[in-house]
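Undergrad:
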Amino acid sequence: MKIGMITDSLPATDFDTLLATAARLELDMLEFGCGNWSSAPHLNLDRMLESEAERRNFKTRLAEHGIAISALNCSGNPVHPGEHGRRHDAVTRKTIKLASLMGVDRVVMMSGCPGAEGDHSANWITMEWPPEVREILRWQWDDVLIPYWRDLVAYANGLGIRKLCLELHGHQNVYNVRTLTRLRGAVGETVGANLDPSHLMWMGADPIAAVRALGDAIYHVHAKDTRVDPVIAGVNGV
Numbered sequence: 005m006k007i008g009m010i011t012d013s014l015p016a017t018d019f020d021t022l023l024a025t026a027a028r029l030e031l032d033m034l035e036f037g038c039g040n041w042s043s044a045p046h047l048n049l050d051r052m053l054e055s056e057a058e059r060r061n062f063k064t065r066l067a068e069h070g071i072a073i074s075a076l077n078c079s080g081n082p083v084h085p086g087e088h089g090r091r092h093d094a095v096t097r098k099t100i101k102l103a104s105l106m107g108v109d110r111v112v113m114m115s116g117c118p119g120a121e122g123d124h125s126a127n128w129i130t131m132e133w134p135p136e137v138r139e140i141l142r143w144q145w146d147d148v149l150i151p152y153w154r155d156l157v158a159y160a161n162g163l164g165i166r167k168l169c170l171e172l173h174g175h176q177n178v179y180n181v182r183t184l185t186r187l188r189g190a191v192g193e194t195v196g197a198n199l200d201p202s203h204l205m206w207m208g209a210d211p212i213a214a215v216r217a218l219g220d221a222i223y224h225v226h227a228k229d230t231r232v233d234p235v236i237a238g239v240n241g242v
């Protein structure tokens, strides 16, 4: 096991300060945000794609501090309806391409969540009733999510990337062990988990049980915690 951090944790620092801080903390790895919901504070995605010299200099500066890259992160919603989703998909594919060019074998992201057919916003379905929500969920999976991920997996595999690490997160179609297993069953084992126990905890799951269930499907980890306030949860639930 190697310990690192995601660089979005220090968004106000410049690159040199980031590396010095990581070295002082004796971190082995850094995970770089590349766009979408990340402001990408330490990596210019387009410039890195365009310039081999830029990529070489980036890796050299990391190596000077004894640090490697654990993953690139492009968490967003690439299946959001309309232009929003198309922008996120473009960043997702650029990030996968950059990972390939830099020899990074993992890309962290989220599954995304479409709307209902014809919607302009994402629609996270978590209930089986009233009956119409079942049809929305079926359409999301069968007509949008699975076709999208089959295509993205093929794109990633074509570039030599075989570990797409999905964070199990609210407002995503893949948000727990069951939904990750469903997507893996449909698109293959390129898709695995970026395990973040904090989200599982607020959804009421036992992260230890989730780890046992996921096993080798865990490709990357965010070690975060959650506190559920018993006073508020006792009144409103989670």
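Just remember that this note's numbering sits 4 ahead of the position in the sequence shown, which is counted from 1. Virtual Cβ for every residue (Gly too), placed ideally from N, Cα, C. No experiment lies behind these values; they were computed from the predicted model shown.
In terms of residues, what are the limits of the alpha helix (DSSP H) holding residue 2?
TA: Residue 2 lies beyond the stretch modelled for the chain, which goes from 5 to 242, so this question has no answer here.
Undergrad: Specify whether the segment 38-45 and the segment 91-101 touch according to this definition: at least 3 beta carbon pairs, one from each stretch, less than 8 Å apart.
TA: Touching, yes.
Undergrad: Taking only the alpha-carbon atoms, compute the straight-line gap between residue 61 and residue 55 and give it to the nearest angstrom.
TA: Rounded to the nearest angstrom, the two C-alpha atoms are 10 Å apart.
Undergrad: Am I right that residue 153 and residue 191 are in contact with their C-beta atoms under 8 Å? What's the rounded C-beta distance?
TA: Confirmed, Cβ separation roughly 5 Å.
Undergrad: To the nearest angstrom, report how far apart residue 63 and residue 24 are at their CA atoms.
TA: C-alpha separation (whole angstroms): 15 Å.
Undergrad: Do residue 34 and residue 11 have their C-beta atoms within less than 8 Å of each other?
TA: Going by C-beta atoms, residue 34 is nearer than 8 Å to residue 11.
Undergrad: Write down the C-beta distance between residue 242 and residue 214 rounded to the nearest angstrom, noting that I regard them as a contact closer than 8 Å.
TA: Residue 242 to residue 214, Cβ: 16 Å. No contact.
Undergrad: Tell me which residue opens and which closes the beta strand (DSSP E) that residue 52 is part of.
TA: Unbroken run through residue 52 is the alpha helix (DSSP H), 49-54; no beta strand (DSSP E).
Undergrad: Going by C-alpha to C-alpha distance, which of 210, 147, 95 sits closest to residue 230?
TA: It is 210.
Undergrad: Using C-beta distances below 8 Å, list every residue in its chain close to residue 167, excluding the 5 sequence neighbours before and after it, in chain order.
TA: Closer than 8 Å at Cβ, skipping near neighbours: 109, 110, 111, 194, 196, 223, 224.
Undergrad: Going by other Cβ atoms of all chains shown within 10 Å of its Cβ, with 16 needed for buried, is residue 171 buried or exposed?
TA: Its Cβ being crowded by 16 or more others within 10 Å, residue 171 is buried.
Undergrad: For the structure I just gave you, are there three or more beta carbon pairs, one from the segment 78-85 and one from the segment 124-131, closer than 8 Å?
TA: A contact exists between the segment 78-85 and the segment 124-131.
Undergrad: Check this for me: beta carbons of residue 165 and residue 103, under 8 Å apart or not?
TA: Contact flag set, yes.
Undergrad: Quick one, which of 129, 79, 31 has its alpha-carbon nearest residue 5's?
TA: That would be 31, whose Cα lies nearest to the Cα of residue 5.
Undergrad: Alpha carbon to alpha carbon, how far is residue 115 from residue 184?
TA: Rounded to whole angstroms, residue 115 to residue 184 spans 9 Å at the Cα level.
Undergrad: Taking the alpha-carbon of residue 66 as reference, which of 169, 94, 26 has the nearest alpha-carbon?
TA: For the residues 169, 94, 26, the minimum Cα distance to residue 66 belongs to 26.
Undergrad: Assuming residue 77 is part of the beta strand (DSSP E), what are its boundary residues?
TA: Counting along the chain, the beta strand (DSSP E) containing residue 77 begins and ends at 72-77.
Undergrad: Which residue from 237, 22, 93 puts its Cα closest to that of residue 68?
TA: Measuring from the Cα of residue 68, the nearest candidate turns out to be 22.
Undergrad: Assign residue 73 to one of two classes, buried (16 or more other C-beta atoms within 10 Å of its C-beta) or exposed (fewer than that).
TA: Under this definition residue 73 is a buried residue.
Undergrad: Please check the pair residue 175 and residue 198, which I expect to be a contact at CB under 8 Å, by giving their CB distance rounded to whole angstroms.
TA: Actually they are not in contact, since the Cβ atoms of residue 175 and residue 198 sit about 16 Å apart, beyond 8 Å.
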